[in-house]
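Protein chains in written order, with our numbering: chain A, 1 to 112; chain B, 1001 to 1112.
Just below is one structure, and these are the notes that go with it.
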């Protein structure tokens, strides 16, 4: 069975500081891995995804994530956070693009 | 504009009264899914469809039905809603040769 753990429920970060969101997954083979962002009252938007190739993946809005097979992790990073990055972030794993298991989410608050 | 639409956006109903939430996409996507989002649980997949007349259960299908008679539409049916189906529901779609899964804006359902 596939599953995702996001250990941090809530993170507060200062504007301009770096951000790292943790994601650990359980999956039997090489998974598809995703990060989605949900702004308040909105649907989900794909930030980036990994299936194969370079383990450092670049996404939209200046985000990147690194796949580490040995640690079963897919952590999301951004070097300098903007106030507009305040949102809820979801990590997801799946055998393909359309049958996904999501983590519980991490809420990011950005303080001025 | 590429989009996934859901109707209604908000619905309050009573236990046992059958309801349908519609989902439509204008991108000719093969794959469509329904998710429910609950606080602390993230998104959980209810059903998915790989094409017209091809559907399968996700992780939490009990109490729900779906149909896929046309490629663009994937309605979610609650034949006898119960209070534990109070949730935020998202429809999503992705094409066989596309990279990004698109999510609808969500339907907030309250069952009294």
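C-beta atoms are modelled at their ideal positions from N, C-alpha and C, and glycine is treated no differently.
Quick caveat: nothing in here was measured; it's all calculated off a predicted structure.
My assumption, with CB atoms under 8 Å, is that residue 1020(B) sits in contact with residue 1111(B). Please give the rounded CB distance.
Going by Cβ atoms, the distance from residue 1020(B) to residue 1111(B) rounds to 14 Å, so no, they are not a contact pair.
Give the secondary structure of residue 97(A) by DSSP, where H, G and I count as helix, E and B as strand, and everything else as coil.
Correct three-state label for residue 97(A): coil.
Answer yes or no: does any C-beta atom of chain A fall closer than 8 Å to that of residue 1033(B)?
Yes, because at least one Cβ of chain A sits closer than 8 Å to the Cβ of residue 1033(B).
To the nearest angstrom, how far is the alpha carbon of residue 106(A) from that of residue 63(A)?
For residue 106(A) and residue 63(A), the distance between alpha carbons rounds to 15 Å.
Please name the residue in 19(A), 104(A), 95(A), 68(A) whose C-alpha comes closest to that of residue 7(A).
Out of 19(A), 104(A), 95(A), 68(A), 104(A) has the C-alpha closest to the C-alpha of residue 7(A).
Our contact map puts residue 1046(B) next to residue 1060(B) with C-beta atoms below 8 Å; I'd like the distance itself, whole angstroms only.
Yes, they are in contact, since the Cβ atoms of residue 1046(B) and residue 1060(B) sit about 6 Å apart, within 8 Å.
Would you verify that the beta carbon of residue 1074(B) is, or is not, closer than 8 Å to some beta carbon of chain A?
Not an interface residue.
DSSP has residue 10(A) in a bridge; who is on the other side?
107(A), per the DSSP bridge assignment.
For the region 7 to 41 of chain A, which residues have a beta carbon sitting closer than 7 Å to at least one beta carbon of chain B?
Going along the region 7 to 41 of chain A in chain order, one finds no residue with a Cβ nearer than 7 Å to chain B.
Reducing DSSP to helix, strand and coil, say where residue 1099(B) ends up.
Three-state result, residue 1099(B): coil.
What does residue 1106(B) reach in chain A if we use C-beta pairs closer than 7 Å?
Neighbours of residue 1106(B) on chain A, chain order: 43.
Check each candidate in 1010(B), 1100(B), 1025(B), 1031(B) and name the one with the smallest Cα separation from residue 1001(B).
The option with the nearest alpha carbon to residue 1001(B) is 1025(B).
In chain A, what lies closer than 7 Å to residue 1012(B) by C-beta?
Under the 7 Å cutoff, chain A gives no residues; its nearest Cβ is about 18 Å from residue 1012(B).
Is there contact here, the region 44 to 62 of chain A with the region 27 to 36 of chain A, by at least three beta-carbon pairs under 8 Å?
Yes: the two stretches touch, three or more of their Cβ pairs being nearer than 8 Å.
Which chain B residues sit within Cβ distance under 8 Å of residue 62(A)?
Here the premise fails: no neighbours, minimum Cβ distance about 18 Å.
Let's test the definition: count the other Cβ atoms within 10 Å of the Cβ of residue 58(A) and tell me whether it reaches 16, buried, or not, exposed.
So residue 58(A) ends up on the exposed side.
Would you call the CB atoms of residue 1032(B) and residue 1090(B) closer than 8 Å?
Against a cut-off of 8 Å, the Cβ pair of residue 1090(B) and residue 1032(B) comes out as no contact.
Under 8 Å by Cβ, that's how I've got residue 1101(B) and residue 1092(B) pegged, so tell me the actual separation to the nearest angstrom.
Contact holds; Cβ gap of about 5 Å.
Can you round the beta-carbon distance between residue 76(A) and residue 23(A) to whole angstroms, since I take them to be within the 8 Å contact cut?
Indeed they touch by this definition, with Cβ atoms about 7 Å apart.
Does chain B have any CB closer than 8 Å to the CB of residue 53(A)?
Closer than 8 Å: no.
If residue 1094(B) sits next to residue 85(A), beta carbons under 8 Å apart, how far is it from one beta carbon to the other, in whole angstroms?
Between residue 85(A) and residue 1094(B) the Cβ distance is about 25 Å, and since that is not below 8 Å, they are no contact.
Would you call the CB atoms of residue 16(A) and residue 81(A) closer than 8 Å?
It is a contact, given that the beta carbons lie within the stated cut-off.
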